[in-house]
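Residue numbers for the sequence shown follow the numbering used here, beginning at 18 and rising by one. Idealized CB from N, CA, C, for every residue including glycine. Because the structure is a prediction, the values reported are computed rather than measured. Notes follow once the structure below has been shown.
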Amino acid sequence: LDGHRWSDVRCRSIFAASLTGNAVDRYSELRMMHSDLTLLRAGSRLIEKYKSKLPEQELMSRIMLEPKRRHEPCQEYAQRLLNMADSLPGGLAVEANARQAIHSFIK
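Structure representation (structure tokens):
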């Protein structure tokens, strides 16, 4: 980030520290089974394991109807909508997905 490249080992340790729940256990299992696993490959395997099983239209519908929870700060609500939109094919790189999250937040 500051013009220096981080080693893959450093990146993997930061990545591992950011995981929560079942992903922590799954990542540990992956590392034990494949000690030479790169960060990119480990991330791909975790995404494949935990990606949404819902059809695209169902996800889009849920984003459109997702209400703000009582006592939920706006920032957390916005992040939740963005996380949902990111699980759509193409993630937030697809403008329509990000736009849908923003639309739901505004309404």
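Quick one, which of the options has its alpha-carbon nearest residue i's?
i, options, result
"His120", "Ser52, Asn39, Tyr94, Lys68", "Tyr94"
"Ala59", "Arg79, His88, Val41", "Val41"
"Arg97", "Gly107, Val111, Arg79", "Arg79"
"Glu83", "Ala110, Lys124, Ser30", "Lys124"
"Asp53", "Gly108, Arg116, Asp25, Arg86", "Asp25"
"Ser35", "Met49, His51, Leu56", "Leu56"
"Glu46", "Arg27, Lys85, Lys66", "Lys66"
"Arg86", "Leu63, Gly108, Phe122", "Phe122"
"Asn39", "Ile64, Cys28, Arg22, Trp23", "Ile64"
Which first and last residues belong to the alpha helix (DSSP H) in which residue i is found?
i, result
"Leu54", "That residue, Leu54, is in no alpha helix (DSSP H); it is neither H nor E in DSSP."
"Leu99", "91 to 103"
"Ala115", "112 to 123"
"Ser35", "25 to 35"
Quick one: what does DSSP say residue i is sitting in, helix, strand or coil?
i, result
"Ser78", "helix"
"Lys66", "helix"
"Leu109", "helix"
"Arg48", "helix"
"Gly60", "helix"
"Leu18", "Residue placement at Leu18 is flagged as unreliable, the pLDDT there being 49, under the threshold of 50; the coordinate-derived value follows with that caveat. Of the three classes helix, strand and coil, the one that applies to Leu18 here is coil, per DSSP."
"Glu73", "helix"
"Arg86", "coil"
Can you tell me whether residue i is buried or exposed? The criterion is at least 16 other CB atoms within 10 Å of its CB, across all chains shown.
i, result
"Leu105", "buried"
"Tyr44", "buried"
"Arg116", "exposed"
"Met81", "exposed"
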